[in-house]
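This report refers to the structure that appears directly beneath it.
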Amino acid sequence: MTATPAPAGLSLSLPFVPRRVVIGASAHADIAAMIRAARPELEVRGAPFTAITAADLAWADTYIGFRRPPAAHDMGAVQWVHSTGAGVDGWLGQGLDTGILLTRSPESFGPMIAEWAVARVFAVQQQLVSLMDAQREQRWAPRDIARVAGTRAVLVGTGDIGTHIAAAFAALGITVTGVSRTGQASHPAFRAVHTVDRLADLVADADWLVLSVPDTPASRGLVSRAVLERCRGAVLLNAGRGAVVDEAALPDALDNGWLRAAALDVFVTEPLPSTSPLWGHPRVLVSPHISGLTTVAGAAEGFLACAESLGRGVWPTWVVDRARGY
């Protein structure tokens, strides 16, 4: 196995043994308990990330959390940040000092996000929102329901998350085509895989357009208005990042029939502003960035695995490549 290279510009040197750890998360107490049980020599404190103070960061050499605390103008004495999420745009987008080591969670969010995607596919195909509206109105509303089996999906992203979605879709009888930076995928659920330059051609035949890529310089704006115009009634499912899509073009895409519906878990601005037209659109399903949630065990175990590597003088597998954005 190829060793993980040292990040450019890093001030931290190996071996590195953390001593004081701050956790910025709603489940900070449970995460801290797991870390203390495994590494009782560590000093650990925590709070919801909105309550982390500059004094906390001045005390700590290590921070665990999904994004920078809002009260922090810089990261104080912190030398290592361990992100508890799959995407690290919450850190890179805020200009984290290149001298600070950034690692990401090794937890697999694929199984949960695949369930989110399957739930939305059936919600749309079975017309559940419309049926619920009819029920509230005590209105008998027969309609034709098409099967999911035999439909076609284009999945943008063929990593852990995309692979789990592909496997779940294939089990339902959906034909899955992948799109990735390399044009490769390792799972047989993908009938074919293409590079991103083929996306505009592929969406024309898609019933489902599913996004699971992080916010990176290469993915930002990938699903542009021009790509949406090439769709012919696809349903957009976005569990990656809001910036991957031209969000302002979505109402037109829905109203013009380029998209049949949209299930959105991520947005350019979160929480989604009350002024967004997506809230009230009858063919949009909004969820508040909950498709793949970090578990307590995943947050603690990911940190401990990275700490063990650093203590041995080895860069963890999950060091973030800042140029790629993951």
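Going from the sequence shown to the numbering used here is simple: count from 1 and add 1.
No residue lacks a Cβ here, since even glycine has one placed at the ideal position from N, Cα and C.
With respect to the alpha helix (DSSP H) encompassing T196, which residues constitute its N-terminal and C-terminal limits?
Taking the first residue of the sequence shown as 1, we reach residue 196 at position 195. Counting along the chain, T196 falls outside any alpha helix (DSSP H), though it belongs to the beta strand (DSSP E) covering F191 to T196.
Reduced DSSP category for G111 - H, G, I as helix; E, B as strand; rest coil:
The count along the sequence shown starts at 1 and reaches residue 111 at position 110. G111: helix per DSSP, three-state reduction.
For this session: Inspect the beta-carbon positions of R21 and E44 and report whether they are closer than 7 Å.
Result: The sequence position of residue 21 within the sequence shown is 20, counting from 1. The sequence position of residue 44 within the sequence shown is 43, counting from 1. For R21 and E44, yes; Cβs fall inside 7 Å.
Got a sec? Which residues, its chain only, sit under 8 Å from W141 by beta carbon, not counting five neighbours each side? Start at 1 with the first residue of the sequence shown, and residue 141 comes out as number 140. Closer than 8 Å at the Cβ level, and outside the excluded window around W141, lie A135.
Let me make sure I understand the geometry here. Which of D256, A38 and T85 has the alpha-carbon closest to that of L279? Taking the first residue of the sequence shown as 1, we reach residue 279 at position 278. It is D256.
Nearest to Q80 by alpha carbon, out of S275, A169 and P8? Walking along the sequence shown from the start, residue 80 turns up at place 79. Among S275, A169 and P8, the Cα nearest to that of Q80 belongs to P8.
query = Based on the DSSP output, what are the partners of W336 in its beta bridges?
reply = Beyond the ends of the chain as shown, which are 2 and 327, falls residue 336; an answer cannot be given.
- Do the region 229-248 and the region 269-285 meet, that is, are 3 or more Cβ pairs less than 8 Å apart? With the cut-off at 8 Å, the region 229-248 and the region 269-285 touch.
So what's W259 in DSSP terms, helix, strand or just coil?
-> The residue labelled residue 259 in the question sits at position 258 within the sequence shown. The answer is coil: DSSP assigns W259 none of H, G, I, E or B.
TODO: Determine the contact status of G77 and L93, defining contact as a CB-CB distance below 7 Å.
DONE: Against the sequence shown, residue 77 aligns to sequence position 76. Against the sequence shown, residue 93 aligns to sequence position 92. Not closer than 7 Å, so no.
*At what residue ranges does the region 126-192 contain a whole run of the beta strand (DSSP E), taking only runs of 3 or more?*
153-157 and 176-181, all fully within the region 126-192.
Item checked: 3 or more residues per run - each beta strand (DSSP E) lying fully within the region 270-305 -> Runs of the beta strand (DSSP E) spanning 3 or more residues and lying entirely within the region 270-305 occur at 285-287, in chain order.
* What three-state label does DSSP hand R233 in the structure shown? -> Within the sequence shown, residue 233 is the residue found at index 232, counting from 1. R233 falls in the coil class under three-state DSSP.
* Rounded to a whole number of angstroms, what is the C-alpha to C-alpha distance between T217 and G91? -> Sequence index remark: in the sequence shown, residue 217 carries index 216 (1-based). Sequence index remark: in the sequence shown, residue 91 carries index 90 (1-based). Approximately 11 Å, taken between the alpha carbons.
- prompt: Between which two residues does the beta strand (DSSP E) harbouring G47 extend?
  reply: On the sequence shown, position 46 is the one that residue 47 refers to. Where G47 is concerned, the enclosing beta strand (DSSP E) stretches over E44 to A48.
Would you call the region 219-235 in contact with the region 106-121, where contact means no fewer than 3 C-beta pairs closer than 8 Å? Contact fails: fewer than three Cβ-Cβ distances are below 8 Å.
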